[in-house]
Every structure is written in C-alpha cells, then in structure tokens.
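One structure is given here, and the rest of the page talks about it.
2 protein chains.
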Amino acid sequence: MTDRNRGRGSTKPSTQRTDTEVTLQMVAQAAGVSASTVSRILNGTAAVSEAKKKAVDEAISHLGFVPNPMARGLAGGRTLSIGVITQSIGSPFYGAALCGIEDELGRAGYSPLFVSGHWNAADEARCIDALRSRRVDGIIVLTGRLSDRALRACARNLPVVVTGRTLRAPGLYSLNFDDFEGGRMATRHLIDLGHRRIAFITGNPGHADAAERYRGYCSALEEAGIAIDPRLVAPGEFHEESGRRATEALIQSRRRFTAIFSANDQMAYGAALALHRHGLRVPDDVSLVGFDDLPASLYTIPPLSTVHQPVYDLGLLAASAMLQLIRQGAASVEMPAPVFMPRQSSRSPAT
Amino acid sequence: MTDRNRGRGSTKPSTQRTDTEVTLQMVAQAAGVSASTVSRILNGTAAVSEAKKKAVDEAISHLGFVPNPMARGLAGGRTLSIGVITQSIGSPFYGAALCGIEDELGRAGYSPLFVSGHWNAADEARCIDALRSRRVDGIIVLTGRLSDRALRACARNLPVVVTGRTLRAPGLYSLNFDDFEGGRMATRHLIDLGHRRIAFITGNPGHADAAERYRGYCSALEEAGIAIDPRLVAPGEFHEESGRRATEALIQSRRRFTAIFSANDQMAYGAALALHRHGLRVPDDVSLVGFDDLPASLYTIPPLSTVHQPVYDLGLLAASAMLQLIRQGAASVEMPAPVFMPRQSSRSPAT
DNA sequence: TTGTATGCGTTATCAG
DNA sequence: CTGATAACGCATACAA
C-alpha cells in the first residue's frame, strides 16, 4: 500500500502492483460498455438492455469487482453506511441491539458505523459531527442524551431513528418500548403474589426509561390501593453497584419490605448480593424482580423474574425503520409489547 | 452545531443547499494560500512558514473545517479508520475490549469500524473483504477463527493485529493473554485450598484459548501429583447453558468432585445454577472457579473466584500495536500477566 | 517554501 | 437506452 500507480498510461504493464484494484472502468472495458452503463446497472438508476446487463454482470463477477465506498461517497450521495450512536459499545444491554442492527442493515447491503456517546450529550454531538463527516446515510441513536431539539435539527439533514423516547418530526422516527406498562406488569406481579410493601430501586434520574418504569410502579400500587411509601424508593444508577448500595440503604433504614422491584436487571444483581450478605434469602425472605431480561438473568441464583425486553428485535426494528426512512421518507414499525417473565426470584411473601 | 454556514461565500444565495460543506479549498481561499499548503499543514507533509500556518489554523477553526474522510481516502492512502473483527458485537466478554480499542484509536484520530465474524471463518473472510473495500488502514482481529495462513496473507497488504494466538509475520502482530498460566493459577488455587478432585469444564474444542486453559489445568494437577481423571473433564462451549449442561452431566456421572474449574465465567454461571438445583451449595459443598472476571462476576452469589483478564487493556494494547505497526512498520507491547482473584466461591473442601 | 496540475473511482448531467 | 464529461474534496508529484 505504499506505492500508487506509477507509469501513468496503461501501455506498459506496471511492475509490482500488489494492491491492484478492480475499478468500475475496468469492468466497463471488459464488458464493452461505458462506465456510466455499469454504474446504472449497479444502482438501478435507469433501464439498461438485457444484453449489456448480462455482459456487465459477468464481467463483474469474473473480475471480482467491488465498488469503492469512498469514491461512491465522494461522487454521489449514498455511502451505504449508517451511523449508530450507542452509549457504550460493550454495554451488556445494548449489545444485542447492535447485533440486530447489524443483521438487518446487512441484509439491505448497508453497514453500521458504531460510535460511543459515553452517556453524555457533548460526546454524542461530537459523534454526530464525526458521522456526518463520514457521510453516513442516516443515524440511529440508541437512547441518547441529546435534547429533542438537537435531534430534530439533525433530522433536517439526515434520516434519524431514535429509541428510548417518543418524538415526531420530519425525517425522524422514534421507537419506544413501553416502559410504563412494563413497570406496571412487574409491580402487579408482586401485588398479585400478595406483596404490599414493595421497594423500588430507580434508574438514573433524568433517564426517560427510568422515569417511565417508576410511573408504572406507582400506577400499579395506586390501582391496588397501596399507598406509595417514599422511604421504599431508593435511588440507583442502572449498574450493579448502585443496586447493591440502594438495597443496603433500604435494609439499614429498617423499613419493612417483602419485595424489591429493581428498574433494571443489573441493579437487581447488586440487590441480590446485598440481601445475601444480610442473610436474606431470595425469594423466601424477599422477592426480587428486575427489568430487561438480560441473558444472564436466566442463570442467576435463583433465576430472576423480570420484564423481558426484546433488545435484539429493537435493533432489528430500528434498522428497519431507518431503511424505510431512507427509501420512502417515512417509517412505521411495530414495537412488541412488554412480556413479564416469572421465574424463581419471586413468590408469595412468608406469612 | 446545528446549522453549518449557508450562502455567504457565494454571491447568489444558493436556493436550497442544506448540506453546504466547508472544504479545504475554502479554507485556502480564506487564509490566502493554496490548497496544497493547507493540505500540507493538515498532514505535516512538509515545512510551512509560521505566518501561513497561523493564518490557516485560524481559518480552519473559524470556518469549522473538518476534512472529508471520503475524499481523503480516495485521494491519498489513509482513511484513518481501522477495521475491527469481533465475533459478535454484544459479547459480554469482548465489549470492554471494543471500548479500549475505540478509546486508544480515538486519541490518535483514528476511528474503528466494527464488524461481526459470527464465530466462523467464512464470515470473517467476508468481513476482511468488506473492510478492505472500505479502505481501512489496518485490521484488528479479536480471537478469530481464520487460519494463520489467511491472516498472514492479509497482512501482506495491510497491517494486522490479532489476539488470542501467537503468530509472527511481517506486518502482523499477535497479542496473546497467557491462558496457560491463568489456567494453572486457577487450578493451583484450588489445590492449595486442599482440593484433589477438581472437575474441569472445557471451552469450545478447537478454540486456542480453551486448549491453553486446559493445558494449564493439567499442568497444575501433574505438578501436584494428582492424576488427571478424564471423567472429571466435561465439554462446554463457553456459554452459560453449556456450563449448566456440563455440570449436570458431571453430577449425573456420580463421579465425586469437590471443586469445578470452568474455562470461562459464563459457563461458571451455568454451573452454579446446576449445582443449586441439585442442592449443592457454593462454596460449602463445591468450590467454583471461573476465568475472565466478567464485571458480573463480582455480583454473583457468591462472588466468583476467577482469573482476571484485563480485557479493556487488551483492546487498548491491540489498538496501540496497530498504531505502531502503521507508523513504524513494527510493534511491541507488553501484555499484563494473569492475576487470580480469590473471592467467595472457593474455599477448603469440607472434611 | 509554495503554487499548479493531475488523478483517485464513482455518480450525475447532459447530449445523442 | 447509451456514452462522453464534469464534478466530488483532497493529496501529491512537479515546477517555480
């Protein structure tokens, strides 16, 4: 990759090109047509006679031609790549969504460009700039921190799909899981088992998902005529350690409770550890319910009752919506409803 | 950062160009120099007078100029992007490595391009083609399935860094964690606690890491004068369910054991569940030791004794090696030695 | 030290 | 339907 073309004309065979690239031009020549025709066939831009099409197709597969995305991006518009802003590639939760996005985009010939927003709006804004400079054809934002306004502005130039909030604007499609209903289902599950004193570990304040789940918790309690006890609501930050600490605080407060609903599974893991350290057994002494249904929740001891989030599907759908947005200017996909997965971490309270 | 410059530069306000881009040309004009000079400053290709440099720098920050990677890639060589082949974006294990790669590359102005190999050589080969067509400046392969031969071939054209195996070739750097020593340490830990009948759950057959960990297990046993009992070696596939099944089989076999060493943490989670279902307590009845030290292992019940893998650092180092390879044609980084993390899942066997 | 000319591989805009 | 030809934004021999 050090040497580029030397001896400019093509008459003398270049001595030692290791990195010879098959260009569209070469295909055209081999097929006896013009470059434009090849391009048209590649992009379906215009009708081409069957005969030439066949010749070109053959030349393409014969020479093993692969279009150069750089040149494509420079010349035309499309780069066939979609920017994906995730909070942290490597998040146990979003991992599956990334896979879904990759799979769905791949089927359509697009490839994702993943970048990490690091949980703050400034980084996300930088990500958007970087992605735009790379000429992505659209941006998918997985539950970002950017303001609605910033997203709308971005959508004026580029198709945008965002998850984790509800937002409607031209060129923008939002895709939201029903966190409220999920929170309600989890809480109702505990109520139905006979629990009355149900503690709640919240997610990050200001995180829309977290707020909705809490609303669901409150709603289910009210519906059952149970007063909300603020002392049973402990603040968490969506990670294990915060769940452990919240539970620790709950226990120290000496406020009685027979069940804990954690706003996500990771915090539930931490909660379980805290309970264990205090000799409290799950579910015999305290029932524990999570939210997300991470793969690992099937293998906790005991397996965790939780609200299932179809994360992979979420990725699939987000990508699908993006493709629709690109092709038709508008999108519409159906998010699956939340499903509660009763497992062994919850049971009726001891009497 | 919502709207870019519109109109202004040109006399007639363009009617509806939403996406006006600030070009190098415009910077040159604003600074009163030629485009080449700007380019030279950007790339440090040649010496430039301080005066002009200052003028250009000002123009750049004033106009908010960002070089277009597409054009850069087309014209010169470099795209400042590095392909990263991971088995599955979303793997709980490699997630941290991806973060490390992203961080280290980011510091040097490079950006990673993640693709999933889906645990098979054919897909990985396709990934390499895709990445090369995108003109990446190098490829990092995280523990792939490609043959050494294929990697060597790839390295003839492009800098390659590969983890999870030991391989030396021009333009290629391999980065390996000492799985053998890690396996030995884990086993020795159990032996030191007094265990003699130590079961082992293997990783995928054919997976180099898995084989090395097994070798470490055998080595430690031999060293202690303990015969290796093939009936205590159960095959796993690195995921939870396989660990559960392997343990189930171990229990059914009625072969006595007082400890289990699992070739990775995920399988250890499955093992813990199987033990729990059979009323076997960890660590009272059976000690359990894993490998990898996933973040979640701090929060299992009880917290899992395991061999710590500095995954984030692995990513950092792989990226660092890649940068060295690009800049100096050779690389050399130091992998940290394995560290055993004793926690509460292991103790001396009941007498 | 600096500017000029040319090309990178593709798409888009024209004529025919 | 098809083929020239001009961009796209930048880097780099080459000339000055």
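For the record, the sequence lines run as chains A and B.
Just so you know, this note's numbering puts 22 at position 22 of the first sequence, and the rest follows in order with no gaps.
For this note's numbering, count along the second sequence from 1 and bump the result up by 1000.
Where is the CB? At the ideal position from N, CA and C, for every residue including glycine.
Checklist entry - Is the Cβ of A/V66 closer than 7 Å to any Cβ of chain B? => result yes
Item to check | For A/P338 and A/S320, the rounded distance between their alpha carbons | outcome: 20 Å
Item to check | A/G183 burial status per 10 Å Cβ neighbour count (16 or more: buried) | outcome: buried
Next on the checklist: Let me check one thing: in DSSP terms, what residues is A/H308 bridge-paired to?
Outcome noted: A/D292 and A/V339
Checklist entry - What separation, rounded to the nearest whole angstrom, lies between the Cα atoms of B/M1267 and B/Y1110? => result 36 Å
Checklist entry - Buried or exposed: where does A/R168 fall if 16 or more other Cβ atoms within 10 Å of its Cβ makes it buried? => result exposed
Checklist entry - List, in order along the chain, the chain B residues whose C-beta lies closer than 7 Å to that of A/S88? => result C1099
Checklist entry - Count the other CB atoms within 10 Å of the CB of A/I228; is the residue buried (16 or more) or exposed (fewer)? => result exposed
Checklist entry - Under a Cβ-count criterion, where at least 16 other Cβ atoms within 10 Å of its own Cβ denotes burial, should A/R231 be classed as buried or exposed? => result exposed
Next on the checklist: Check whether chain A comes within 7 Å of B/K1012, counting only Cβ atoms and requiring the distance to be less than that.
Outcome noted: Confidence at B/K1012 is low in this model, with a pLDDT of 31, below 50, so the placement of that residue is unreliable and no value is reported for it.
Checklist entry - What residue does the alpha helix (DSSP H) around B/V1056 start on, and which one ends it? => result E1050 to L1063
Item to check | Partners in chain A for B/S1345, counting only beta-carbon separations shorter than 8 Å | outcome: In chain order: nothing, as chain A lies at least about 11 Å away.
Next on the checklist: So with CB distances below 7 Å, who are the chain A contacts of B/Y1269?
Outcome noted: A296 and Y299
Checklist entry - From what residue to what residue does the beta strand (DSSP E) around B/V1084 run? => result S1081 to T1086
Checklist entry - With a CB to CB cut of under 7 Å and the five nearest residues on each side skipped, what residues in its chain are close to B/S1348? => result L1193 and G1194
Checklist entry - Would B/E1225 be called buried (16 or more neighbouring beta carbons within 10 Å of its own) or exposed? => result Contrary to the premise, residue 1225 of chain B reads as Gly rather than Glu in this sequence. The residue is exposed, with fewer than 16 neighbouring Cβ atoms inside 10 Å.
Next on the checklist: Below 8 Å, how does it come out for the stretch 1047 to 1060 of chain B and the stretch 1079 to 1090 of chain B: are there three or more Cβ pairs, yes or no?
Outcome noted: no
Next on the checklist: Please classify B/A1296 as buried or exposed, where buried requires at least 16 neighbouring CB atoms within 10 angstroms.
Outcome noted: buried
Next on the checklist: Does any residue of chain A have a CB that is nearer than 7 Å to the CB of B/H1278?
Outcome noted: no
Item to check | Through-space distance from A/T351 to A/P235, alpha-carbon basis | outcome: 29 Å
Next on the checklist: Give me the residue from B/A1028, B/N1204, B/E1222 and B/E1248 with the minimum Cα distance to B/G1279.
Outcome noted: B/E1248
Item to check | Proximity below 7 Å, CB of A/G204 to CB of A/E237 | outcome: According to the sequence shown, residue 204 of chain A is Asn rather than Gly. Yes.
Checklist entry - Between A/E104 and the rest of its own chain, which residues show a CB-CB distance below 6 Å, the 5 nearest in sequence each way excluded? => result L316, A319 and S320
Next on the checklist: By the three-class DSSP mapping on this structure, what secondary structure does B/I1228 have?
Outcome noted: coil
Item to check | Short CB-CB distance (under 7 Å) between A/R135 and chain B | outcome: yes
Checklist entry - Which residue from B/I1082, B/A1096, B/T1258 and B/L1142 puts its Cα closest to that of B/E1124? => result B/L1142
Next on the checklist: Measuring only the C-alpha atoms, how far is B/S1133 from B/C1127?
Outcome noted: 10 Å
Next on the checklist: Any beta carbon of chain A sitting closer than 7 Å to that of B/P1170?
Outcome noted: no
Checklist entry - Going by Cα to Cα distance, which pick from A/E223, A/A220 and A/V162 is closest to A/I101? => result A/V162
Checklist entry - By the 10 Å Cβ neighbour count, where 16 or more other Cβ atoms means buried, how is A/S34 classified, buried or exposed? => result exposed
Item to check | Alpha-carbon to alpha-carbon, A/P67 and A/G73 | outcome: 11 Å
Item to check | Three-state secondary structure (DSSP) of B/L1193 | outcome: helix
Item to check | C-alpha distance - A/N176 paired with A/L151, whole-angstrom precision | outcome: 15 Å
Checklist entry - Should B/G1206 go down as buried or exposed, given a rule of 16 or more other Cβ atoms within 10 Å for buried? => result exposed
Item to check | Minimum C-alpha distance to A/L80 - residue among A/N43, A/S49 and A/S253 | outcome: A/N43
Checklist entry - From the DSSP output, which residues share a beta bridge with A/Y173? => result A/V161
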